[in-house]
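Mapping the sequence shown onto numbering that gives the first Met the number 0, position 208 (from 1) lands on 207, and the numbers just tick up by one. Even for Gly, the Cβ is constructed at its ideal location relative to N, Cα and C. What follows is a short report on a single structure.
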Amino acid sequence: MAGHSQFKNIMYRKGAQDAKRARMFAKIAREILVSVKSGGPEASSNPRLRAALASARAANMPKDNVDRAIKKASGSEDMGQYHEVRYEGYGINGVAVIVEALTDNRNRTASEVRSNFSKHGGNLGETGSVGFCFERLGVLHFEVAKFDFDKVFEAAVVAGADNVETIEGIQEVTCPMDSFSSVRDALIETLGDPIEAKIMWRPLNTATVNEDQAKTLFKMIDVLEDNDDVQNVYTNVEIADEILQKLG
């Protein structure tokens with residue numbers, strides 16, 4: 000299934016991402032800043048902040064970093080205005096790509112994203128140009144080592160989730176986007192912090208690539224994720240296991 004393949008693709012690249020902890024912390028801190036500015040510093044009344052804090056805990060982000068971001072956002076310091084922007088386009092061989100960013104300079108970010116697409120055999124399109132290839136849904140990941148399927152399934156049913164699957168050592172819970180906050184909060188209360196909890200783009204159809212194209216695509220994604228403004232990158236690529244093994 001595409002969802003399974005997408006997760007394996009993420010896991011393949013996890014080793015490289017682990018070397019970018021500082022950059023990951025910076026992205027989480029930016030999300031915390033925007034969350035506090037938009038909804039206040041109290042996590043109990045700010046669902047977006049709760050999600051950001053859950054991501055920080057799952058990433059083992061130092062508490063001092065989290066507290067500093069909240070304090071900065073709560074203060075009078077002028078941080079500039081961050082805008083949530085989504086870019087859509089096609090990577091090599093027609094792979095659909097969605098890029099989510101938080102930026103204080105739309106022109107700079109758009110130029111950098113467009114340049115990266117072009118350098119790696121892709122084309123940046125208009126908003127909505129590839130969105131039809133995806134669905135928007137809430138996704139939570141829990142470690143299999145901590146929770147067996149039955150425990151997560153029971154908690155997910157009570158919380159109002161749609162589905163639970165075991166994928167590559169992860170219990171993945173999915174739910175409608177509109178009920179994400181309530182499902183997330185219920186599962187955190189029952190199971191504790193997930194590895195990841197966010198609204199994601201899940202592909203409805205897939206595109207395939209050969210080994211050389213996969214290398215180019217992964218390079219493009221790495222460059223995008225190295226951009227301080229980029230928060231998330233999603234694709235509808237499906238890569239054969241034998242290619243993933245060669246690249247690994």
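Pull up the distance between the alpha-carbon of residue i and that of residue j, whole angstroms please.
| i | j | result |
| --- | --- | --- |
| E248 | R85 | With the chain covering 0 to 247 only, the question about residue 248 has no answer from this structure. |
| N122 | N92 | 11 Å |
| A50 | I27 | 10 Å |
| M10 | K19 | Annotation note: pLDDT 46 at M10 (below 50); position unreliable, no value reported. |
| P46 | K36 | 13 Å |
| D225 | Y89 | 19 Å |
| H3 | G168 | Confidence at H3 is low in this model, with a pLDDT of 40, below 50, so the placement of that residue should be treated as unreliable; the coordinate-derived value is given next. So the alpha carbons of these two residues sit roughly 12 Å apart. |
| M0 | G74 | Here M0 scores only 29 on pLDDT, less than 50, and its place in the model should not be relied on; the value that follows carries that caveat. Straight-line Cα distance between these residues: approximately 47 Å. |
| I97 | K218 | 15 Å |
| R56 | S34 | 16 Å |
| M176 | D63 | 31 Å |
| V94 | T205 | 8 Å |
| Q244 | I220 | 19 Å |
| V138 | D161 | 10 Å |
| N231 | D149 | 30 Å |
| V182 | R135 | 15 Å |
| G159 | C174 | 7 Å |
| T189 | F146 | 11 Å |
| D240 | K71 | 45 Å |
| F179 | A144 | 24 Å |
| N209 | E99 | 26 Å |
| D184 | P40 | 17 Å |
| I242 | Y81 | 39 Å |
| C132 | E237 | 13 Å |
| L248 | M23 | Not covered by the structure: residue 248. The range shown for the chain is 0 to 247. |
| T248 | V129 | Only positions 0 to 247 of the chain appear in the structure, and residue 248 is not among them; the question remains open. |
| R67 | L52 | 13 Å |
| T215 | T234 | 13 Å |
| L101 | A25 | 12 Å |
| A21 | D211 | 30 Å |
| N59 | R29 | 16 Å |
| V157 | L186 | 9 Å |
| R113 | V229 | 13 Å |
| G38 | S44 | 8 Å |
| H140 | E83 | 24 Å |
| G268 | I69 | This structure does not reach residue 268, given that the chain is present from 0 up to 247, and the question cannot be answered. |
| I31 | L48 | 6 Å |
| G191 | E142 | 11 Å |
The alpha helix (DSSP H) spanning residue i covers which residue range?
| i | result |
| --- | --- |
| T108 | 105-118 |
| N64 | 62-73 |
| D147 | From DSSP, D147 is part of no alpha helix (DSSP H); its letter is neither H nor E. |
| S54 | 46-57 |
In the DSSP assignment, what residue or residues form a beta bridge with residue i?
| i | result |
| --- | --- |
| M199 | L136 |
| G88 | V96, L123 |
| P175 | L136 |
| F24 | F24 is not bridged to any residue. |
| L101 | E83 |
| N162 | T173 |
| T207 | E237 |
Where do the N-terminal and C-terminal ends of the beta strand (DSSP E) with residue i fall, by residue?
| i | result |
| --- | --- |
| Q230 | 229-234 |
Item to check | Cβ contact (3+ pairs, closer than 8 Å) linking the segment 101-120 and the segment 144-160 | outcome: Contact between the segment 101-120 and the segment 144-160 is absent, because fewer than three Cβ pairs lie under 8 Å.
Item to check | Touch test, the segment 158-174 against the segment 96-109, Cβ-Cβ under 8 Å, three pairs minimum | outcome: When C-beta atoms of the segment 158-174 are compared with those of the segment 96-109, fewer than three pairs fall below 8 Å, so the two segments do not count as touching.
Checklist entry - How do the segment 213-230 and the segment 185-197 stand: do at least 3 beta-carbon pairs fall below 8 Å, yes or no? => result Below 8 Å, too few C-beta pairs join the segment 213-230 and the segment 185-197 to call them touching: fewer than three.
Checklist entry - With a cut-off of 8 Å, do at least 3 Cβ pairs link the segment 159-166 to the segment 200-210? => result No, they do not touch.
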